[in-house]
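Number of protein chains: 4
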Amino acid sequence: MSMTLEKAEAAVKAAKEKAVELGTLMNIAIVDAGANLTAFVHMDGAWLGSIDISQKKAKTARYFDMPTGEIGKLSQPGGSLYNIEHSNGGLITFPGGIPINGADGTVIGAIGVSGSTVENDHAVAQAGVDAIS
Amino acid sequence: MSMTLEKAEAAVKAAKEKAVELGTLMNIAIVDAGANLTAFVHMDGAWLGSIDISQKKAKTARYFDMPTGEIGKLSQPGGSLYNIEHSNGGLITFPGGIPINGADGTVIGAIGVSGSTVENDHAVAQAGVDAIS
Amino acid sequence: MSMTLEKAEAAVKAAKEKAVELGTLMNIAIVDAGANLTAFVHMDGAWLGSIDISQKKAKTARYFDMPTGEIGKLSQPGGSLYNIEHSNGGLITFPGGIPINGADGTVIGAIGVSGSTVENDHAVAQAGVDAIS
Amino acid sequence: MSMTLEKAEAAVKAAKEKAVELGTLMNIAIVDAGANLTAFVHMDGAWLGSIDISQKKAKTARYFDMPTGEIGKLSQPGGSLYNIEHSNGGLITFPGGIPINGADGTVIGAIGVSGSTVENDHAVAQAGVDAIS
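Protein chains in written order, with numbering that gives the first Met the number 0: chain A, 0 to 132; chain B, 0 to 132; chain C, 0 to 132; chain D, 0 to 132.
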């Protein structure tokens with residue numbers, strides 16, 4: 000079990016459909032188990048700044064095998080992981096990044112979505128995950 | 000006339016088909032007129048180091064509105080653009096990046112391809128360009 | 000007295016044993032007095048994002064000759080070292096990095112550990128320090 | 000088949016023994032299939048600048064699944080891959096990096112060695128590869 004372009008494109012397709020359903024314009028990135036980029040799309044008119052954020056969310060989710068928002072809870076001022084975002088060339092720790100598991104439960108990659116509220120970003124990422132898990 | 004995800008995906012699809020025809024495994028990146036990433040795919044088993052190179056080729060081609068290989072002729076020792084690769088966070092100036100023109104001839108973006116010989120990289124990039132020009 | 004590979008490997012070995020005892024998967028880095036990397040190990044299945052964090056913790060501890068968590072107390076909003084993490088290519092200031100002293104009390108390097116809670120990270124780092132101090 | 004710390008440490012041990020046999024002081028790095036660092040050692044007195052070079056050699060060898068010196072033949076002035084070193088945050092394309100294959104022939108990672116002549120660097124890297132292939 001590992002990330003493939005076929006799986007990545009299925010996740011991107013499902014995420015785009017969810018983005019349309021929510022009336023949002025998203026950037027969607029998929030990374031493999033090594034946190035290397037497998038697929039990316041920028042929906043027409045989506046925020047340019049979110050091109051990088053979506054990729055950093057995907058990497059962050061794979062780097063720690065948890066949704067990015069979980070890390071963000073711990074990286075606040077006074078939190079146990081305060082300013083962890085300075086590592087790894089820059090992390091993004093608010094919602095929108097989710098690990099992707101293979102059939103045997105191992106992490107095979109992650110999806111990162113950016114372009115709307117963090118709630119919408121997370122929902123679109125989850126749609127991508129659900130399409131291939 | 001501008002780059003759209005629909006055009007970018009059409010270019011990626013044509014490029015992938017050409018890659019398969021040539022028996023190669025490619026990384027394919029499309030950028031828009033602002034040199035921002037619009038779409039990217041990593042074919043299964045393609046070189047990991049070419050993820051970055053394909054994106055840098057696309058950006059380089061749009062930065063100077065010419066095929067990357069043309070810039071590479073001028074960036075050699077003694078050439079007029081010697082070591083231009085140090086700019087813009089790193090350029091790639093060997094073949095595989097080609098600007099994409101809109102119907103009115105203005106540049107709307109570029110494609111960058113990396114994963115095989117520079118001749119194959121260029122041929123696959125050209126197939127992407129031809130699909131939407 | 001200075002850091003040697005023999006000492007670094009003894010510290011890594013002790014840290015790994017503590018990590019196993021705690022049921023954790025850790026990244027462990029040792030730097031010398033010049034804050035240069037002497038030894039590093041990534042335990043199988045440990046977080047990929049912690050490869051960089053463990054090294055940044057070790058460097059941070061040596062840069063300021065104190066446990067990373069002590070710096071983190073001062074880098075909070077309103078604190079005297081607010082956002083010091085922006086320096087030196089990125090610091091990590093939560094627990095898990097500890098200076099290592101030679102027999103005469105001078106600092107000869109530091110250890111950085113990342114892969115679990117900051118309490119576990121610190122405990123594993125301390126085990127490494129204890130093995131060679 | 001994938002890189003493990005046990006394999007990485009076996010490769011490092013064999014490489015160190017070869018370095019001693021050759022009377023050299025080396026930095027030795029192992030990366031996994033995702034080009035992430037698995038193990039690293041700096042022999043006492045080895046060049047500090049080679050800490051980074053050994054890691055970049057290992058990454059370069061995995062990025063393109065070939066010995067780094069092969070890439071260097073093509074990245075010379077006038078060569079087809081001139082200045083490829085500007086990609087991926089910096090590549091090293093002279094000898095000393097070699098891919099590591101698993102039992103089924105797939106690439107599971109790479110070793111990078113730096114600290115002496117490129118001939119010695121390559122020989123030490125090869126000793127590491129031979130120990131676990």
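No residue lacks a Cβ here, since even glycine has one placed at the ideal position from N, Cα and C. Remember, it's a predicted structure, so these values are computed and weren't measured experimentally.
At least 8 Å separates the beta-carbon of L21 of chain A from that of V30 of chain A.
Taking 8 Å as the upper bound for CB-CB distance, G95 of chain D and S113 of chain D are in contact here, some 5 Å apart. Scanning the stretch 38 to 70 of chain A from its first residue to its last, the whole alpha helix (DSSP H) runs of 4-plus residues come out as 48 to 63. Relative to I99 of chain B, the option among B:K56, B:T92 and B:L90 whose CA is nearest is B:K56. For M2 of chain D, the CB contacts under 8 Å within the same chain, skipping 5 residues up- and downstream, are I29, V30, D31, A32, T37, I99, I107 and G108 in chain order. The residue from B:W46, B:I27, B:G48 and B:I52 with its alpha-carbon nearest to that of V40 of chain B is B:I27. Look at the stretch 66 to 131 of chain A and you find these whole runs of alpha helix (DSSP H), each 4 residues long or longer: 67 to 73 and 117 to 131. Closest in C-alpha terms to N119 of chain A, from the list A:K58, A:T59, A:Y62 and A:K15, comes A:K15. Secondary structure of A34 of chain C (DSSP, three-state): coil. Excluding the 5 residues flanking it on each side, D103 of chain D has same chain C-beta neighbours closer than 8 Å at M0, in chain order. For the stretch 30 to 56 of chain C, residues whose beta-carbon sits nearer than 7 Å to a beta-carbon of chain A comprise W46, L47, G48, D51, I52 and K55. In the DSSP assignment, A28 of chain D is bridged to D:F39 and D:G111.
For chain C, the residues of the stretch 2 to 25 of chain D that bring a beta carbon within less than 7 Å of one of its beta carbons are T3 and L4, in chain order. Here the alpha carbon of A9 of chain A sits roughly 12 Å from the alpha carbon of K17 of chain A. Under a 10 Å Cβ-count criterion, V123 of chain A is classified as buried, with 16 or more other Cβ atoms of the shown protein chains found around its own Cβ. Under the three-state reduction of DSSP, L4 of chain C is assigned to helix.
Residues of chain D with a Cβ closer than 8 Å to the Cβ of V117 of chain B are, in chain order, S79 and L80.
The beta carbon of H121 of chain A sits closer than 8 Å to the beta carbons of P66, G68, P94, G95, I97 and V112 from its chain, once the five residues preceding and following it are set aside; these are given in chain order. A13 of chain D and I131 of chain D have their C-alpha atoms spaced approximately 9 Å apart.
Residues of chain D whose Cβ lies closer than 7 Å to the Cβ of E84 of chain B are, in chain order, N82 and H85. Within chain D, no C-beta atom comes nearer than 8 Å to that of P66 of chain B; the closest sits roughly 14 Å away. Between G71 of chain B and T92 of chain B, the C-beta gap is smaller than 8 Å, which places the two residues in contact. Among the residues facing chain D, G89 of chain B is included, as its CB has a counterpart in that chain under 8 Å away.
Residues of chain B whose Cβ lies closer than 8 Å to the Cβ of P76 of chain D are, in chain order, Q75 and P76. Under the 10 Å beta carbon count, G48 of chain D is surrounded by fewer than 16 other beta carbons and is classified as exposed.
Residue-level contact check: F93 of chain D does not touch chain B, since none of the beta carbons of chain B fall below 8 Å from its beta carbon.
By the criterion of a C-beta distance shorter than 7 Å, S74 of chain A is surrounded in its chain by L80, Y81, N82, I83, E84 and T92, once the five residues flanking it on both sides are discounted. Residue burial annotation: T116 of chain D is exposed, with fewer than 16 other C-beta atoms found within 10 angstroms of its C-beta. Not a single CB atom of chain D sits nearer than 8 Å to the CB of G96 of chain B. By the Cβ-count criterion, S86 of chain C is exposed, with fewer than 16 other Cβ atoms from all chains shown falling within 10 Å of its own Cβ.
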